[in-house]
Amino acid sequence: MKKGLSIAAIIALVLLNVVQYMCYNYPYKLVAEAIPDEETAIAVGKAVLIATYDKDMIMNQEPFSARYDEQKKYWVVTGTWPDNPNLVGGLGAVCIRKSDGKVVKITHGL
Numbered sequence: 000m001k002k003g004l005s006i007a008a009i010i011a012l013v014l015l016n017v018v019q020y021m022c023y024n025y026p027y028k029l030v031a032e033a034i035p036d037e038e039t040a041i042a043v044g045k046a047v048l049i050a051t052y053d054k055d056m057i058m059n060q061e062p063f064s065a066r067y068d069e070q071k072k073y074w075v076v077t078g079t080w081p082d083n084p085n086l087v088g089g090l091g092a093v094c095i096r097k098s099d100g101k102v103v104k105i106t107h108g109l
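For the sequence shown, position 27 (counting from the first letter as 1) is numbered 26 according to numbering that gives the first Met the number 0, and the numbering increases by one without interruption.
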């Protein structure tokens, strides 16, 4: 039987030291709310809508607005109807959970 540490034990010790070093030298900030305000909600909501639908169609719905639904605990981000009577369809809308930024619902039918 060989004496000393196995390769797996050595790797585990190295990884443990790296994790400890990172924890002490690169502190992180705990985020209480991923989407804390209207401005952040609009920025995230626009990015989600543009990634999902046609960019020009979504950008024609500026300015965007956001309202916080206290009961459901998420932001509702919607576009604004363009001043064009020939347009058909609906507005882009996205619901984003305030606590973690999860997209709860996305639609283009409001």
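Glycine included, C-beta positions come from ideal geometry on N, C-alpha and C.
- Look at A50 here: in three-state DSSP terms it is helix.
- Between the beta-carbon of G44 and that of E61 there is about 12 Å, and that puts the pair past the 8 Å contact cut.
- Here K104 has C94 as same chain residues with Cβ atoms under 6 Å from its own Cβ, once five neighbours each way along the sequence are excluded.
- A Cβ-Cβ distance of about 5 Å is found for the pair Y73 and R96, placing them in contact under the 8 Å criterion.
- Beyond the five residues adjoining it in sequence on each side, I41 comes within less than 8 Å, by CB distance, of F63, S64, A65 and V76 in the same chain, given in chain order.
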